[in-house]
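Heads up: the structure comes next, in structure tokens.
Numbering (the working numbering), first residue to last: 3 to 222.
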């Protein structure tokens, strides 16, 4: 799952007193941002094993600090506290923390068993990456449905053109992830690319959501 992780961010951003869309996009991928950062010094580790799943060749064999449920809860707590200090809004902090935790549960659907509860076996994962005819439509439905929900629940004086640019960028990023060339071996280019992609998407989301407000309720 890649852009499907942003579905909870779009739902949370349409709530009253929520954190900004850019902040929630960071929350949605904070676990993977942490993973990419920890790959660089070798604290966490992955390798490339062609054929390990039908959809990607990543063997994510050591991720105790980011892709354990306990780790995700700790990242969520820290991020929620940061959002609370920045906004002084309890609703924004709780929403952001829940979006961080959602990453682990969405990963549980698609990963082969490489997730843990607290960094030790058993390893968990339902393995939809081995079933692209399920995983790909699921990702499209998640992001498409929540994108429409956010667009209808919010409005901007200039219309939806910024959101349309964000949608195109998300679609392009997902297409590259699904159909683009894969690295033959692990290198630092992988975490660097991850960090660049997450930064670009979060920055674009912040720009797209900057002038949006909750839409007025429709008359009964």
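We treat Cβ as the ideally placed atom computed from N, Cα and C, and that holds for glycine. What you are looking at is a predicted structure, and each value in this text was computed from that prediction instead of being measured.
- In the structure shown, the three-state DSSP call for residue 31 is coil.
- From the listed residues 46, 208 and 17, the smallest Cα separation to residue 193 is found for 46.
- With three or more CB-CB distances shorter than 8 angstroms, the segment 21-38 counts as touching the segment 78-94.
- Excluding sequence positions up to five before and after residue 25, its CB lies within less than 7 angstroms of the CB of 85 and 98, all in the same chain and listed in chain order.
- Between residue 129 and residue 114, the beta carbon gap of about 5 angstroms places them in contact (Cβ cut-off 8 angstroms).
- Per the coordinates, the alpha-carbon of residue 37 lies some 16 angstroms from the alpha-carbon of residue 50.
- Residue pairing from DSSP places residue 60 in a beta bridge opposite 50.
- Straight-line measurement puts the Cα of residue 125 at about 42 angstroms from the Cα of residue 162.
- Taking a cut-off of 8 angstroms on C-beta distances, the segment 195-210 does not touch the segment 134-141, as fewer than three cross pairs fall below it.
- The three-state secondary structure of residue 104, taken from DSSP, is helix.
- Taking residue 120 as reference, the option from 169, 67, 204 and 156 with the minimal CA-CA separation is 67.
- Nearest to residue 57 by C-alpha distance, out of 182, 146 and 147, is 182.
- Contact check between the segment 166-182 and the segment 87-98: fewer than three CB pairs, one atom from each, fall below 8 angstroms, which does not count as touching.
- Take residue 210, set aside five residues on each side of it, and the residues of its chain with a beta-carbon closer than 8 angstroms to its own are 23, 164, 165, 167 and 168, in chain order.
- Nearest in C-alpha terms to residue 188, of all of 44, 13 and 14, is 44.
- Nearest C-alpha to residue 176 among 63, 10, 142 and 52: 142.
- Here residue 52 is exposed: its Cβ has fewer than 16 other Cβ atoms, across all protein chains shown, within 10 Å.
- Residue 68 carries a coil assignment under DSSP once its states are collapsed to helix, strand and coil.
- Between residue 214 and residue 156, the C-beta spacing is below 8 angstroms.
- When the beta-carbon positions are compared, residue 10 and residue 101 come within less than 8 angstroms of each other.
- Taking C-beta atoms as the reference points, residue 5 and residue 108 fail to come closer than 8 angstroms.
- Straight-line spacing of the CA atoms in residue 110 and residue 118 works out to 10 angstroms.
- Annotation: residue 41 to residue 153 spans about 36 angstroms, alpha carbon to alpha carbon.
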